[in-house]
Structure formats: C-alpha cells, structure tokens
Amino acid sequence: MQRSAFRIANMDCRNEEAAIRSRLSQVSQVGSLSFDLPARRLLVEHQLPDPQPLLQALTEIGMSASLEADGPGADGAACGSACSSACSGSKSVPSTDVFTIPDMDCRNEEAAIRARLEPLDGVNSLAFDLRAHRLSVVHTLPSVDPILQELQAIGMPAHLGDAMKAAPPARPDADASCGPCGKPEISLAQAESGNTTQFLITNMDCPTEEALIRKRLGKVDAIDRLDFDLMNRRLAVQHRLGDPAPVLDALREIGMKATVEREAGASPQGQATYLIEKMDCPTEEALLRKALEGLPGVAALQFDLMSRTLTVSHSLHDVSPITAAIERLGMAPVLRDSSQPVPAVTREFGSGISKSQWLRMAAAGVLAIGAEVMAFSGMGESSLPVVGASLAAIALGGIETLKKGWIALRTRSLNMNLLMTVAVIGAALIGQWPEAAVVIWLFGIAEMIEALSLDRARNAIRKLMDLAPETALVKQADGRWDEVKAETVPLGALVRVRPGERIALDGVVVSGASAVNQAPITGESMPVEKNPGDTVFAGTINERGTLEFEVRSRKGETTLDRIARSVQDAQGQRAPTQRFVDRFASVYTPVVFALAIGIAVIPPLFFGGAWFDWVYKALVMLVIACPCALVISTPVTVVSGLAAAARRGILVKGGLYLEQGRMLRAVALDKTGTLTHGRPALTETVPVASMSREEVLRVAASLDALSEHPVATAIVNGYGDRPHATVQRFEALAGRGVKGDIDGQTYYIGNQRLATELGVASEPVRALLEQFEAQAKTAVVLATGQQALAVLAVADTVRDSSKLAVAELKRLGVEPVMLTGDNSKTAQAVAAQVGITDARGDLLPHDKLDAIEKLAARGAVGMVGDGVNDAPALAKSNIGFAMGAAGTDTAIETADVALMQDDLRKLPEFITLSRRVGGILKANIAFAIGTKALFMVLAFTGHASLWLAILADMGASLVVVFNGLRLLGRTAPTDGRHAD
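Numbering (this note's numbering) for the sequence shown: 37 to 1016.
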C-alpha cells in the first residue's frame, strides 16, 4: 500500500470533501482517504503503480490538485520523486525561506497572504509569526522571486531575512524528510499545531469586546488562531501552550469573565461527566464552581444546566475527590458514562440582568434626571446638590462602563466604552455634571436593552429544543411501561406515545397508526399519517391514536438535536455584511475620534474660538463616534433569519448562505427525487378488450406480486391492499416479462417484445405503446396467448409541489434548469410537465459540473441534488441544497442549506426569506449611518447636546435591533418580490 499526498487549492469545505470521496471511490485500488481541510491537503492510500489516475479523477470534478509527494513503487525498489531529487542534489528539494514583512501584524493580513500564496505552484506550507513580522515558506521553487512578487502585488513589501530561523539544511547524503529506503515521510499537519481550547466568556457579546480580546491575546506567545462566536459568548483558541492558564490570565486582566469550557486535540487530562439532579440554576453552578475550581488536578468545568450535567476535565487518577466535593454541597452526583451523547446546544442564557441591576439603573435615572431638573430650575450646574446627584447617578449607573473604559485605555483599545468614559469625564471637567450623568445613564440603559434583545435572538433556536419532552414511556423487561428520563433511553427500546403527547426521540413505528404534526422538523402545515415502518421524529406531536416505536437515535443525537446544533454553529459564523460592518466600524471610530480632537483643539488655538463651546462639540462628536447601532444591526438580523428559517423547516448552515440566497440567478435541479418522487408509480391502465379496468389491475397485480422488477412493484402498489388472485405455474420470462395461470387461464404481462412474440401487438396496442414512450413512460402489455387485454404505463411521477415551485422561482426572477443523467426524451417530458424550458439529459457527474460552471459565469447559481452523484456539482455551486433531509444525517451535515421536507416549494421560500433579510440589513445599515451623519452635522453646528446625542445613539441601536427581530415574528412565507 502506497501513500500519495495532494495539495488541492480549492478544497476547503465538506462539500468538496464529499465530492472527492464520491469520485475517488470509483477508482480501483484506492484505500483510505485522509482530509486536512484547513491545510487543503489530501492523503490517499492506494495500490496504484502511479498516482496519475488520482490526479485525473480530481481534475475531472474541478479540483485544482497537485502532487505533493510521490511515493515509491513497490517495496522500495525506487525512491519517491522528492527523495530522489534530494539524494541527487536536485533543486526540487523542499526548502524553507523566512521573509520579514514590516506591514504584517494582524490576522487580516495573514488571510490575504494565505489567499495569495497558497494557490502558487511549488508553495507547500506557510507559517506566520505576526509579532515578529515574519513569514516562513516551505517551497520547491527555484527562487523566491515569485513569492516576493506576489507579496508586493498585495501591498506587502517583504525582504528575505532571518535565514537562521529556517529549517536546518539536509544532510549531504539524504534529505531530512526521507524515510527508510528514501521514501518521503508524508505529514498532513505540523506536529506543533497544538490544541484548541474553548472558553465561555459571559460578558463578551459584541465586536468591542472581540477587538479588545484580539489585541490582548495577540501579545501571548504560542497562540495561532482565535475563533469568536459572539452570539453564544464562546471563544475557541488554537494554541501550542501546555496549559490554557496564560490565556485565562490575559482574559481576566482585561475584565473578561472567562472559564475553560472544553479542550480539544491532544490533552493529558481525563474527563468525568456527572448527572446532578439538584443542579438546575446559576446558584448551584456558582456553588460548584467555588468548590471545584480550587481542587488540585481539576482543570476545567463545563456546565449544562438544561440537562443537569457537569463535565470535569482533570488530571487525577481517581475521581473520588471530585465526587466527594460535590456530595459535601448536599447534591447527589451520578458519574455518567462518557460515551453518552453530549447536549445538542448550549444552555439558555436568560436575561443575565438581575433585579438589583434594574433597581440601581432606576435609582441612577431618578438622580440623573433630578440633577438636570435642578440645573434647569436655576441651580448652578456646579452647585453642590447638582454635582452630588450627578456623581451618585454616575456611581450607580455607570461604574461598569467606566471600568471598561479604563481597561480599554490601559490596553490602548479605542472602543465605545473608552469614548463614553472620555465624554463623561470631559463633560464633568467643563462643569456639565447633569449631562455627564444623563449620558452615562442612557448608555447603560441602552446596553441592558440591547443585551435583552440579543438574548431573545440567541435563544430563539432553544425553543425548538423545548419541544422534545424530558421523559418517555418505555417498555421494561418485565412488560411494564415506566416513565423514564429521555436521556437514559437506550437504542432499540420500545416507546409508547399517547394521543396529544410529544414524541421524545427519533424512531420507527412498530405498531399503531396516527397522524403526527411534523411542523417543528419539516415545516409541514398538515399532519402526516404514520403507520408501522414509518419514521417519527423527536419534538413532533402525536395527534390521534397510540403509537409504539423502536428508538433509533438517543437524546442528543436526534434530528431535532442536529438541527439545533447546526443552527447554533451557524450563528457563530460571520456573514459578509457583518464583516463589512466590522471593517467599517474599525475605520469610522478612530476617524471620528481624531476629528473630535481636532474640533476641540484647532478652533480655539488657531481661530480664537471659545474653549468651552468647541470642547463641548467635541464631546458630542465622541458620543456620535460610538458604532453601537452599526455593529449590532447585522448579527441580530442574521441570527433571527437563521432561527426563522429553522422554524420553516429550512436549515441554513451560516449567514453567508442566508445572504447569498437573494443573489441566486439560476437554480439547477436534479430530476429524480427532486422534481419527481424518485420511484416508479402506475400512471395509466388502458383496457383494449372486454376485460374491465378493475379486473385488469387484479390480474396484473397478482402476476407481478411474484416479481421483483421495479415496474412490477409499481403495478402492485397501484392495485393497493385489495386481495390478489391465486397464481399457478408462475414463470419469469427473461428480458420480456412473466406469465402464470389464474382461474385456469394463462396470462402474460411484459414489454413490447413479448407482445410481438405472442402476436398480440395490434395497431391500437402499438399506438398506445408509442404514445406512452413519447411521454417518457414505461409501458407493458397484459395479454393471453390469443389477444392483448390492456396496456399499463409506469413512470417516475412528478411531485405535486414541483410545478408550483418552478412557477414561484420564475416569478422571483430565478431561472430553473434541469440537469439529469436520464435520457433526453424523459428529461424533456418531465420538464414540460413542471414548466422548465432548459432541460439537459444524458449527463454524467462531470457534465453536471461543467453545466454549473457555465451557469455560474452568468451569476450566482444554486444546485438541488441527492448529494451522491450530484456531489461535484453541489460543491461547485454557490449554494448546495439537500431536499428531504429530515431523515438523512449526511445531508444535514454536508449541505449548505437543507430543506427538511420533500417539498421543492421550500426553495423559493428560502430565497424570499434571504431577500427579506437582505432588505432589513440594508435598511439597518443605512439608518445607522444616516443617523450618525445627521447628528455629526448637528454637533458641528452646535445644535446637538450630549444627552440628545446619546438618546439618538440609543434610539438608533434599539430601532435596528427590533427591526432585525421582526423576522422572528413571521411564520408564514412572505412575498418574495423585493429588490436586491
């Protein structure tokens, strides 16, 4: 078995992985495949003499692949190409060069450089040291000039330097990377890539905190990458530290309330998971944290109050000290098997605002407004009562803001807390005490209301999880039915659901019949009939009748759990608009800050202006510089859109796809299983003799019940549950049909060839056969030895919803295109039924890929397919859709958008929702920027006061938040006629 490593420049997501797996599985002598998506590398174990067929297969599906290391022939008879050239002293030996790039100091520049250099032929890997402004490149290029030119092209001038930091030179006699017999040692990831630690940071929920954390952690050695999930208050840190303590210390230094939630990758620590029945609120969590965090050997705690579980990461040989510490608190811990499934989603956040906080803010408001009233009534703004009331208001309602402002100043981070702190202190220094108090109080109120609104958006998906009951009625070994916790129910258990109850777990019906409301999973408005053999889903409602089903998915692994987990993951991804807003805010805030300083200083110094007036205007500008409304508008809207889509049975895998949906100009549709049902059904029964239609069906179904042919199965299903006749002397006629005796008469049913052999293919029969063939149907003849009795037609029938979906797509301005591997005649027939004008048949997977590429040249294109034969085209399209994903694990995991119901009308519904989200995003951004621009002019002309500026900023923030939350209030599809 040989190993070949490939570098694939355009492989970076699960869709491409699925496409590659599908294609390489068709290549003989291919063993295992190992993917490293972040590094865009693929390792293939195979028995081929030459990896060229693998390269060819990858190229066929549009993958830009190059061979990184070519393994030897059999048994070391020859060296691999890399090692051969090394041994012969060739220049193709991978070498490491270190470049100094003075302008490279942040992740944005790193991303730009990666995007430019990684596709370059001959470049193997990149390693960044942002603090030292150094880039190490492993490559096989004859010179470094192409690298220097590419860096110069993106505004990153570099020079070759720090060569001593490069990898040590190879020995003269062999390459350092050569293994035994000169075979190259293939490694897909650097050994020192380290672990990923996930932190829960309870007071991190906006880009201000993100920027502060990025700046502080950027100074910690051995941190490679930061991934923020602001909506769920999570931070994943990829690092090479032996212990996450330096990260925790750095976070706490800047006022972040962080705890280690999970460690991934190589870790010496064990894990113990406890089920604690008495732990269901933050009070118990706080008690447990206090008792366990100081315990020797305990590294991290992960709480899930919803399922009452605590996971302890530790380095102890025995967990009894942990168990004893929990028991001393009066709780009854049960050590749970670590193989049990993890919770689907994180616990609900709640408001996070205590009653005492509301009371303090209320008191601060009374004092601040009281100070303003006293000043208006004639007391001096610097009089003792006014100053006293203002200071008390600032202490009660603004102390947290001032603390955050101090941290921002200490870490030299220009954020809204620092702006507000400077504005308040400045107002106090020039004697505007009442305004200072009102400004900081209004800012605090705005922060609290925004936090509540964000929590509503965050927790929208949690409402889905509440649909699944915590208990289930399970049959015991002795035949009794007991109510037990759903999380303890094993696979294969028998569960009973009574009328009106919710189903706790996924399973297959064993006995009973009922109608089940599946709206939480598929978005279907009508209940679905369930009989033995049908699948039921957790969270759905049993309308009538009692069902008993066998459990197929445990708690934490159900379809509902996977949907919730997938949407929660999607919430943490930045949408394109959000990235734009973050970049805009990062430029806007310092520019306005600099402008405010200029307004405060330049007119008094150079033009004789009054210091008081111009400093006051500058303070108003500082308040306006806060980008609150701008940065908060996008995440709330996107998360609300994701939750609204999930309620409709549309699972969107990130804000990127939610935004791209509105830009689709064409959608490629697979025929089988997408436009059609994907299984043949009896469509026509035409008697051509004296036998009645019912008798024709009885005889045909009785004969075909003994055949396994798909056409025979369709005829039997078309006859239904009615009794069959007894068939004697049954015989299968290879390639033609079947025959058998019923009631003493020999009957035949088969294709045109059989009818011709029997001599019963009369002109009327031939005309019917040709007519059905023209309609892309499969026709068979029922006959005796003397005459034809009837012609029956079978076809893969079109879904009732397909025609409506195609019409809706056209109304939205999206061109539907059919791509199918079926013959062109069938493709045209189905296209005519549903209203598609562009139908392409006889397509192989690479033909579909070519078609997608041509459509993509005209605009954004989506692809709806089954994810197997269509995998290459799905990977190439802008958005890959999977339909009927409710019962399919793979579709939920790999599709960009999963339509949980077998209803193509969900596709235009998704596009409509995407356009509505896009409209709200644009309106929010325009409103936020417009408000800032208006008040900037008012401030400069002296028509805006401090409290009016903060009131406008607070109002703008609340308007954009509530505008985004409107998406959660709509359950019915909306009109899609929105401008892009």
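Using N, Cα and C, we set each Cβ at its ideal position, and we do this for glycine too.
When C-alpha distances from Val735 are compared across Glu744, Pro746, Thr721, the shortest belongs to Thr721. Within the same chain, and ignoring the five residues on either side of Gly528 in sequence, the residues whose Cβ sits closer than 7 Å to its Cβ are Glu586, Val587. In chain order, Trp647, Trp650 place their CB closer than 6 Å to the CB of Pro640, counting only its own chain and leaving out the 5 sequence neighbours on each side. In this structure, DSSP gives Leu84 a state outside helix and strand, which the three-state scheme calls coil.
Apart from sequence neighbours up to five positions away, the residues of its chain that approach Val853 with a beta-carbon distance below 8 Å are Ala702, Val703, Ala704, Leu705, Ile872, Asp874, Ala875, Arg876, Ala887, Leu891, ordered along the chain. Judged by DSSP in its simplified three-state form, Gln92 adopts helix.
In the structure shown, the three-state DSSP call for Phe164 is strand. The shortest CA-to-CA distance from Glu844 to any of Leu395, Gly795, Pro178, Glu945 is the one to Glu945. The Cβ atoms of Ala429 and Leu403 sit closer than 8 Å to each other. Burial is judged here by how many other beta carbons sit within 10 angstroms of a residue's own beta carbon; Lys440 has at least 16 and is buried. The three-state secondary structure of His275, taken from DSSP, is strand. At a Cβ-Cβ threshold of 8 Å, Pro568 and Ser547 count as neighbours. Sequence-distant Cβ neighbours of Ser418 in its own chain, meaning closer than 6 Å and more than five residues away, are Gly467.
As for any beta strand (DSSP E) of minimum length 3 sitting wholly inside the stretch 751-823, the runs are 764-769, 773-778, 781-786, 814-819, ordered along the chain. For Pro178, the number of other beta carbons within 10 angstroms of its own is below 16, and it is reported as exposed.
In this structure the stretch 769-778 lies against the stretch 787-802, because at least three pairs of beta carbons, one per stretch, are closer than 8 Å. Exclusion of the five residues before and after Gln811 leaves Ala865 as the residues of its chain whose Cβ lies within less than 7 Å of its Cβ. Here Leu509 is bridged, per DSSP, to Glu519, Arg532.
Under the 8 Å Cβ criterion, the stretch 56-71 counts as touching the stretch 88-97, having at least three qualifying pairs. Inter-residue distance for Asp779 and Thr762 is about 8 Å (C-alpha atoms, whole angstroms). Excluding sequence positions up to five before and after Leu253, its CB lies within less than 8 Å of the CB of Ile259, Leu262, Val273, Val283, Ala286, Leu287, all in the same chain and listed in chain order. The straight-line gap separating the alpha-carbon atoms of Leu78 and Gln38 is approximately 14 Å. At a Cβ-Cβ threshold of 8 Å, Gly677 and Met936 do not count as neighbours.
For Leu432, same chain residues with a beta-carbon under 8 Å away, outside a window of 5 residues either side, are Arg396, Met397, Ala399, Ala400, Leu403 in chain order.
For Phe963, the enclosing alpha helix (DSSP H) starts and ends at 942-976. For Thr345, the enclosing beta strand (DSSP E) has its first and last residue at 345-350. Between Thr948 and Lys813, the gap from beta carbon to beta carbon reaches 8 Å or more. Val355 places its beta carbon 8 Å or farther from that of Leu328. The beta carbon of Ala824 sits closer than 8 Å to the beta carbons of Val724, Ala725, Ala791, Val796, Ala797, Ser798, Val801, Val817, Leu818 from its chain, once the five residues preceding and following it are set aside; these are given in chain order. In the DSSP assignment, the residues bridged to Asp133 are Val173.
Under the criterion of beta carbons closer than 8 Å, Val953 and Thr673 qualify as touching, at roughly 6 Å. DSSP lists Arg538, Asn553 as the beta-bridge partner residues of Ile577.
Just so you know, the alpha carbons of Leu984 and Met919 end up roughly 52 Å apart. Under the three-state reduction of DSSP output, Lys566 falls in the strand class. The C-alpha of Gly821 lies about 36 Å from the C-alpha of Ala863. Note on geometry: alpha-carbon atoms of Val174 and Lys912 lie some 29 Å from one another.
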